[in-house]
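All remarks here apply to the structure that follows.
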Amino acid sequence: MKKKIILSVCACALILGAGLFAWSRYAAPTKVAFVNYQAITLGQISKANSDNSWVKIYELPAEDLDKAGNFDMVLVNGMGLRVTEEQRQALIDAAQKGTPVMTTAATNPQNMI
305 MKKKIILSVC
315 ACALILGAGL
325 FAWSRYAAPT
335 KVAFVNYQAI
345 TLGQISKANS
355 DNSWVKIYEL
365 PAEDLDKAGN
375 FDMVLVNGMG
385 LRVTEEQRQA
395 LIDAAQKGTP
405 VMTTAATNPQ
415 NMI
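Structure (structure tokens):
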């Protein structure tokens, strides 16, 4: 009897975990990070996206580029972007792990990721 209860609890936990994984992987809203964008530009993008609950827009400061892998896509405005080598490497690592990263208007060739 006790063995049956333990197996039932484990099966429920496994099903719940699989459901949460499937939700986060296939059905959760798309998280898009914007790096080095002006507030007015982000405001315009946010306003254009206001009726779409399936896309969430986030501002990602250059100091937090180590969190770039937590997003579904990262858009980088390269004009005037000043990052350290560690921050640049964090962005490259996120791109190599499968996060789409698009850099526009890069004035420094090293920032063209």
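Using this note's numbering, read the sequence shown as starting at 305 and increasing by one per residue. Glycine included, C-beta positions come from ideal geometry on N, C-alpha and C. Predicted, not measured: the structure shown is a model, and the values here were computed from it.
* Asked: On the three-pair Cβ rule with 8 Å, is the stretch 311-330 touching the stretch 356-369?
  -> In short, these stretches do not touch, since the Cβ pair count stays below three.
For this session: For my contact list, Val421 and Val339 are in at a C-beta cut-off of 8 Å; report their separation, rounded to the angstrom.
Result: Coverage of the chain is limited to positions 305 through 417, which leaves residue 421 absent and any answer about it impossible.
In three-state terms, what does DSSP make of Leu364?
-> Residue mapping note: residue 364 aligns to position 60 of the sequence shown, counting from 1. Reduced to three states, the DSSP call for Leu364 is coil.
Considering only residues of the same chain and omitting the five flanking positions on each side of Gly382, which have a CB-CB separation below 8 Å?
By 1-based counting over the sequence shown, the position of residue 382 is 78. Only Asn340, Thr407, Thr408, Ala409, Ala410, Thr411, Asn412, Asn415, Met416 meet the Cβ criterion.
- In the DSSP assignment, what residue or residues form a beta bridge with Val405? Translated into the one-based positions of the sequence shown, residue 405 becomes position 101. Paired residues: Val378.
### Lys335 to Lys306 span [Cα, whole Å]
For this step, residue 335 is matched to residue 31 along the sequence shown. For this step, residue 306 is matched to residue 2 along the sequence shown. Take the alpha-carbon of Lys335 and the one of Lys306: they are about 44 Å apart.
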